[in-house]
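Novice: I have a structure I would like to understand better, so I am pasting it below and will then ask my questions one at a time.
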Ligand code: XMP
Ligand code: MG
């Protein structure tokens, strides 16, 4: 792991890769004869979903859902709906990170209301300590701390989704002043 003043690498690319294999095996075992529909929550989960589905042996389908969040209260709306009907499907919600748990709660209810046969959740990361509502995460990649994370799909103002590993923001003010601060650090050698 390398330390930089603005952010620290907390999960390496190697660890991300080996964990997604384990998650894929667990899902393969549980869904062997149930053809899951992966509901991928845009945009942060796209990298995780691409790695996850390649590690699931069961026949599956993939669809995408875009969300809007309004204000600090975080009211959640649909920006882009699924193309596939959810009725009678075995849905696996694919999220980048569970935080308060409110998003996952809303999504699970949405899938149940649409008549899903079953609903489970795969989340790449889980800020367990920040949970304000009780919601299950059946397939959890890594438990993480409270720090804001970037990389592997996670962004700061749209930047850093392409980083191959996970970085914890150590100096929030520096990122607020200049969103590209980590980028500059990484490229300065
Ligand atoms: P809730 O609180 O509803 O929110 O569980 C989950 C959403 O919050 C975002 N989130 C993050 N995004 N780095 C990010 O890039 C983080 O450290 C982080 N923590 C939460 C994310 O969009 C997730 O879907
Ligand atoms: Mg984001």
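In the numbering used here, the protein residues as written are 5 to 193. Ideal Cβ placement from N, Cα and C applies to all residues, glycine included. Small disclaimer: the values here were computed from a predicted structure and weren't measured.
According to DSSP, simplified to helix, strand and coil, what is residue 186?
Specialist: Along the chain shown, read from residue 1 onward, the residue named residue 186 stands at position 182. Correct three-state label for residue 186: helix.
Novice: Checking the sheet assignment: what are the DSSP bridge partners for residue 142?
Specialist: Start at 1 with the first residue of the chain shown, and residue 142 comes out as number 138. Paired residues: none, contrary to the question.
Novice: DSSP three-state call for residue 5: helix, strand or coil?
Specialist: Residue 5 sits at position 1 when you count from the first residue of the chain shown. Its pLDDT being 45, under 50, residue 5 is placed unreliably in this model, and the coordinates cannot settle the point.
Novice: By alpha-carbon positions, which one of 75, 41 and 56 ends up nearest to residue 86?
Specialist: Along the chain shown, one-based indexing puts residue 86 at 82. Cα-wise, what sits closest to residue 86 is 41.
Novice: Quick test of the definition: if touching needs 3 or more C-beta pairs under 8 Å, does the region 125-136 touch the region 148-156?
Specialist: They touch, by the three-pair rule.
Novice: Answer yes or no: does any C-beta atom of chain C fall closer than 9 Å to that of residue 149?
Specialist: Any reference to chain C falls outside this structure, which holds one protein chain only.
Novice: Within this structure, are the beta carbons of residue 90 and residue 43 separated by less than 9 Å?
Specialist: As a position in the chain shown, residue 90 is number 86, starting the count at 1. As a position in the chain shown, residue 43 is number 39, starting the count at 1. In this structure, residue 43 lies closer than 9 Å to residue 90 by Cβ.
Novice: Between the Cα of residue 166 and the Cα atoms of 29, 27, 37 and 52, which residue gives the shortest distance?
Specialist: As a first step, residue 166 must be located in the chain shown, where it is residue number 162. When only C-alpha atoms are compared, the closest one is 52.
Novice: Any heavy atom of the ligand XMP closer than 8 Å to the Cβ of residue 25?
Specialist: Position 21 of the chain shown, counted from the first residue, corresponds to residue 25. Incorrect: residue 25 has no Cβ contact closer than 8 Å to the ligand XMP.
Novice: Assess, as a yes-or-no matter, whether the region 7-17 is touched by the region 27-35 under the definition of 3 or more beta carbon pairs within less than 8 Å.
Specialist: Contact fails: fewer than three Cβ-Cβ distances are below 8 Å.
Novice: Confirm the yes/no value for this check: CB of residue 158, any heavy atom of the ligand MG, distance under 8 Å.
Specialist: For the purposes of this step, residue 158 is taken as the residue at position 154 of the chain shown. Yes, Cβ of residue 158 sits closer than 8 Å to a heavy atom of the ligand MG.
Novice: Nearest-angstrom Cα distance between residue 174 and residue 164?
Specialist: Within the chain shown, the letter at position 170 stands for residue 174. Within the chain shown, the letter at position 160 stands for residue 164. Rounded to whole angstroms, residue 174 to residue 164 spans 15 Å at the Cα level.
Novice: So what's residue 156 in DSSP terms, helix, strand or just coil?
Specialist: Against the chain shown, residue 156 aligns to sequence position 152. Residue 156 falls in the coil class under three-state DSSP.
Novice: State the start and end residues of the unbroken beta strand (DSSP E) segment that holds residue 136.
Specialist: Against the chain shown, residue 136 aligns to sequence position 132. Neither: residue 136 is in no beta strand (DSSP E) and is coded neither H nor E.
Novice: Would you tell me roughly how many angstroms separate the C-alpha atoms of residue 106 and residue 95, rounded to the nearest one?
Specialist: Locating residue 106 in the chain shown gives position 102, counting from the first residue. Locating residue 95 in the chain shown gives position 91, counting from the first residue. Their backbone Cα atoms lie some 18 Å apart in a straight line.
Novice: How would you write the range of the alpha helix (DSSP H) that residue 164 sits in, first residue to last?
Specialist: Residue numbering aside, residue 164 sits at position 160 when the chain shown is read from its first letter. Neither: residue 164 is in no alpha helix (DSSP H) and is coded neither H nor E.
Novice: Measuring alpha carbon to alpha carbon, tell me which residue in 72, 78 and 100 is nearest residue 84.
Specialist: Residue 84 sits at position 80 when you count from the first residue of the chain shown. It is 72 whose Cα lies nearest to the Cα of residue 84.
Novice: Among all the DSSP beta bridges, which residues are the ones paired with residue 124?
Specialist: Counted from its first residue, the chain shown places residue 124 at position 120. According to DSSP, which records beta bridges pairwise, residue 124 is partnered with 96.
Novice: Do three or more CB pairs link the region 134-143 to the region 97-106 at distances below 8 Å?
Specialist: Enough Cβ pairs lie closer than 8 Å, so yes.
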